[in-house]
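Trainee:
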Amino acid sequence: MVLSKARKQSVMLMIGSALLWSIAGALIKLLPWNPFIISGFRSLLAAGVMFLYIRHAGNKIRVNRYSILSCLTLCGLMFSFVAANKLTTAANAIVLEYSAPAFIVVFSALIFKQRFHPADVLAVAGTMFGIALFFLDRLTAGGLLGSCIALFSGVLMALNFIVSARADTDTRMSGILFAHLATAVIGAPVIFFDPPVFSAQSLTAILILGIFQLGVPYVLYGLALKNCPPLACSLIGTLEPLLNPIWVYLFYGEAPGRYALFGGALVLISITGWCVWRDRYVAAHSGI
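Mapping of the sequence shown onto UniProt numbering: position 145 corresponds to residue 145, and the numbering continues sequentially without gaps.
Spelled out as structure tokens, the structure:
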């Protein structure tokens, strides 16, 4: 099957988005700042990028229950992800967050009474077993707390996906903008209580985090969704948890533990396999 020019462009945009998302761990590790301050200023810069995109795209600002719920879940997600990266390895933080699809299956069954398919159960079981392996590594108290926070970020991501799926484009973009603004309002003022050490390296890192790691990728992701198939987006998105620990190892020298590597591989295989199966299952039962 030959991809159209528009679809090829969307796939490239999605690849660019995943690549930029993947540099988060390395930059957060290099920043010797309080997690709240990092989250606050990162989102302040990202909010500026998102606002410019919304104005350019002609989206309207919507305040409704979906944009508010999206704001709350995404705001919590951004704080928890940064905190997890400070307390545990980048591999633990990103892969445990990437467990979100398993929680989506569980929440969809509990909240919306959707029936489980055996493949759903298998994917959830594989993901949960992979998560359990993370906690078999020799973790310090801080590392254990970091892994728990990272797992909580996966729960928040799942809830955010569920909310966003029921919102229109204007509401979805508004929720993202509100989340960045809320994160900035909560996190940035911590600078007065825990003043960070400013340096050329730290200022460069926070600028890259806010503009290129968080702001621009969301714009690319929004553009990619127009023509990039959901399965392609899901599979391309796996570049983030795969590359994130690699960048951290290359620039920070941090390596995940043996059990974390096995657990991460199991989570990625379970989630990716489930995404492929689900796409084919939906296509087969919808006559596509």
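Just so it is clear, CB atoms sit at the ideal spot from N, CA and C, and this is done for glycine as well.
Please read these numbers as outputs of a predicted model, since none were measured by experiment.
What residue range is occupied by the uninterrupted alpha helix (DSSP H) comprising Trp33?
Mentor: Where Trp33 is concerned, there is no enclosing alpha helix (DSSP H), given that its DSSP letter is neither H nor E.
Trainee: Taking a contact to mean a Cβ-Cβ separation below 8 Å, would you say Leu223 touches Leu13 in this structure?
Mentor: Their beta carbons are under 8 Å apart, which means Leu223 touches Leu13 by this criterion.
Trainee: Have a look at Ile269, Leu133, Leu31 and flag the residue whose alpha-carbon is nearest the alpha-carbon of Leu239.
Mentor: Looking at the Cα atoms, Ile269 is the closest of the given residues.
Trainee: Quick test of your reading: Gly215 and Ser39, contact by CB under 8 Å. State the CB separation rounded to the nearest angstrom.
Mentor: That belief does not hold up - the Cβ atoms of Gly215 and Ser39 are roughly 14 Å apart, past 8 Å.
Trainee: Is the number of C-beta pairs between the segment 79 to 96 and the segment 145 to 154 that are closer than 8 Å three or more?
Mentor: Yes: the two stretches touch, three or more of their Cβ pairs being nearer than 8 Å.
Trainee: Please go through the same chain and pick out, in chain order, the residues whose beta-carbon is closer than 6 Å to the beta-carbon of Leu181, but skip the five residues on each side of it.
Mentor: These residues qualify, in order along the chain: Ala47.
Trainee: Helix, strand or coil: which one does DSSP assign to Glu254?
Mentor: Three-state DSSP puts Glu254 in coil, outside helix and strand.
Trainee: Could you tell me the distance, in whole angstroms, from the CA atom of Phe107 to the CA atom of Val155?
Mentor: Cα-Cα distance, rounded: 9 Å.
Trainee: Verify whether the separation of the beta carbon atoms of Leu20 and Ala179 is less than 8 Å.
Mentor: In this structure, Ala179 does not lie closer than 8 Å to Leu20 by Cβ.
Trainee: Per the contact definition of three or more C-beta pairs closer than 8 Å, is the segment 240 to 257 in contact with the segment 17 to 34?
Mentor: Cβ pair count under 8 Å is three or more, so yes.
Trainee: Ala90 and Gly25 look like a contact to me (Cβ under 8 Å); what is the Cβ gap, rounded to whole Å?
Mentor: At roughly 3 Å, the Cβ-Cβ gap stays under 8 Å, so Ala90 and Gly25 are in contact.
Trainee: Look at Phe36 and Val190 and say whether their C-beta atoms are less than 8 Å apart.
Mentor: For Phe36 and Val190, yes; Cβs fall inside 8 Å.
Trainee: Can you tell me whether Pro196 is helix, strand or coil according to DSSP?
Mentor: Of the three classes helix, strand and coil, the one that applies to Pro196 here is coil, per DSSP.
Trainee: Please report the distance separating the alpha-carbon of Leu52 from that of Thr183.
Mentor: Answer to the nearest angstrom: the Cα atoms are 18 Å apart.
Trainee: Could you check whether the segment 115 to 125 touches the segment 67 to 82, counting it as contact only if at least three pairs of C-beta atoms, one from each stretch, sit closer than 8 Å?
Mentor: The segment 115 to 125 vs the segment 67 to 82: no contact.
Trainee: Going by other Cβ atoms of all chains shown within 10 Å of its Cβ, with 16 needed for buried, is Leu133 buried or exposed?
Mentor: So Leu133 counts as buried.
Trainee: Taking just the CA atoms, how far does Met157 sit from Val105?
Mentor: Roughly 13 Å between the two C-alpha positions.
Trainee: Could you tell me if Gly253 is buried or exposed, where buried requires 16 or more neighbouring beta carbons within 10 angstroms of its beta carbon?
Mentor: Result: exposed.
Trainee: From Met173 to Leu45, what does the alpha carbon distance come to, in whole angstroms?
Mentor: Spanning the two alpha carbons is a distance of roughly 16 Å.
Trainee: Is it buried or exposed for Ala6, if we count other Cβ within 10 angstroms and need 16 for buried?
Mentor: By the neighbour-count rule (16 or more Cβ atoms within 10 Å), Ala6 is not buried but exposed.
Trainee: Nearest by alpha-carbon distance to Ser43: which of Ile271, Asn227, Arg258, Gln213 is it?
Mentor: The candidate whose alpha carbon is nearest that of Ser43 is Gln213.
Trainee: For Val2, does the three-state DSSP call read helix, strand or coil?
Mentor: Interpretation of Val2 is limited by its pLDDT of 44, a score under 50 that renders its predicted location unreliable; the figure taken from the coordinates is listed afterwards. Val2: coil per DSSP, three-state reduction.
Trainee: Can you tell me which of the three DSSP states Arg115 falls into?
Mentor: It is coil, neither helix nor strand.
Trainee: By Cβ distance, which residues of its chain are closer than 6 Å to Leu209, with the 5 residues on each side in sequence left out?
Mentor: Closer than 6 Å at Cβ, skipping near neighbours: Leu27, Arg42.
Trainee: Suppose the cutoff is 7 Å on Cβ atoms and the five residues either side in sequence are ignored; what does the same chain contact list for Val82 look like?
Mentor: So the list reads Ile28, Pro35, Ile38, Ser39, once near-sequence residues are dropped.
Trainee: Indicate whether Gly146 and Ala84 have their beta-carbon atoms separated by less than 8 Å.
Mentor: Going by C-beta atoms, Gly146 is nearer than 8 Å to Ala84.
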